[in-house]
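Using UniProt numbering, you'd call the opening residue of the sequence shown number 2 and step up by one each time. Every residue gets a Cβ at the ideal spot worked out from N, C-alpha and C, and that includes glycine. Have a look at the structure below, then the notes.
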Amino acid sequence: SPTIGVLALQGDVREHTAALVEAGAHALPVRRVSELDRVDGIVIPGGESTTMSKLLGVFDLYDPLVDRLRDGLPAYGSCAGMIMLASTILDTRADARHLDALDVTVRRNAFGRQVESFETDLQFAGITDLPGADPMRAVFIRAPWVESVGAGVDVLATVPDGPAAGRVVAVRQRNVLATSFHPEVTGDHRVHRFFVDMVAGA
Ligand code: GLN
């Protein structure tokens with residue numbers, strides 16, 4: 002089974018590590034380049050993207066991670082992780098750096114103050130469309146949404162109803178997967194299994 006790193010500078014590292022193990026991978030917290038060198042894929046967790054951006058610099062991980070992503074390292078970003086992977090970010094700090102590995106424009110804290118956090122059931126292409134599969138419970142916490150996608154980016158999930166109906170909340174471009182929501186907190190490991198399969202097939 003593949004070794005999948007979890008960027009462990011900040012955010013919900015433990016939950017992703019546990020979900021990856023449940024999904025059949027070896028999980029390795031990544032704080033230094035020697036650890037990054039050992040992984041077949043990487044998860045960038047939820048947390049706070051401008052803080053994570055700063056810490057990537059402090060830990061001298063920014064350039065090595067960008068290099069590995071350019072070489073095709075499979076990556077999965079959840080919430081702040083989605084923001085980190087995106088090519089364009091709206092409503093962030095001017096000095097926040099990001100990884101530019103996914104051709105999407107993401108709006109940070111997009112769902113607004115009134116609905117900072119919410120949950121919904123949604124359909125996820127490649128997962129909930131399998132025979133007999135249930136919809137997926139999605140937990141959003143000060144989440145971004147994907148405002149627009151480039152060519153070659155597949156939309157895998159949108160918000161089904163309510164004021165944000167139709168907003169894009171899961172995307173994939175080749176080896177890079179991102180969700181606005183937090184599958185690591187629900188006990189449903191299907192997104193992690195989907196990513197483990199991506200890594201195994203890469
Ligand atoms: N709002 C956070 C950010 O801008 C993301 C929130 C999360 O990861 N749960 O980075």
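The Cβ-Cβ distance between L10 and L70 does not fall below 9 Å. The three-state secondary structure of H190, taken from DSSP, is coil.
Take the alpha-carbon of V154 and the one of A87: they are about 12 Å apart.
For the pair of segments examined, the stretch 122 to 130 was found not to touch the stretch 62 to 76: the number of CB pairs separated by less than 8 Å stays below three.
A direct Cα-Cα distance of roughly 19 Å separates R173 from L66. The beta-bridge partner set that DSSP reports for P30 consists of V7.
Relative to the Cα of V31, the nearest Cα in the group A24, L91, D61, A111 belongs to D61. Contact between V177 and A102 holds, with the beta-carbon distance rounding to 5 Å and staying under 8 Å. The secondary-structure analysis by DSSP pairs F119 across a beta bridge with F141. Taking C-beta atoms as the reference points, I128 and A81 fail to come closer than 9 Å. At least one heavy atom of the ligand GLN falls within 8 Å of the beta-carbon of P145. If you ignore the 5 residues before and after A24, its C-beta comes within less than 7 Å of the C-beta of H190, H193, R194, V197, all in its own chain and listed in chain order. No heavy atom of the ligand GLN is found nearer than 8 Å to the CB of E148.
Ranked by Cα distance from V14, the first of G163, H183, G202 is H183. Assignment of I45 by DSSP, reduced to helix, strand and coil, places it in the strand class. The alpha-carbon separation between G12 and S50 amounts to approximately 9 Å. In the DSSP assignment, R173 falls outside any alpha helix (DSSP H) and lies within the beta strand (DSSP E) extending over 169 to 174.
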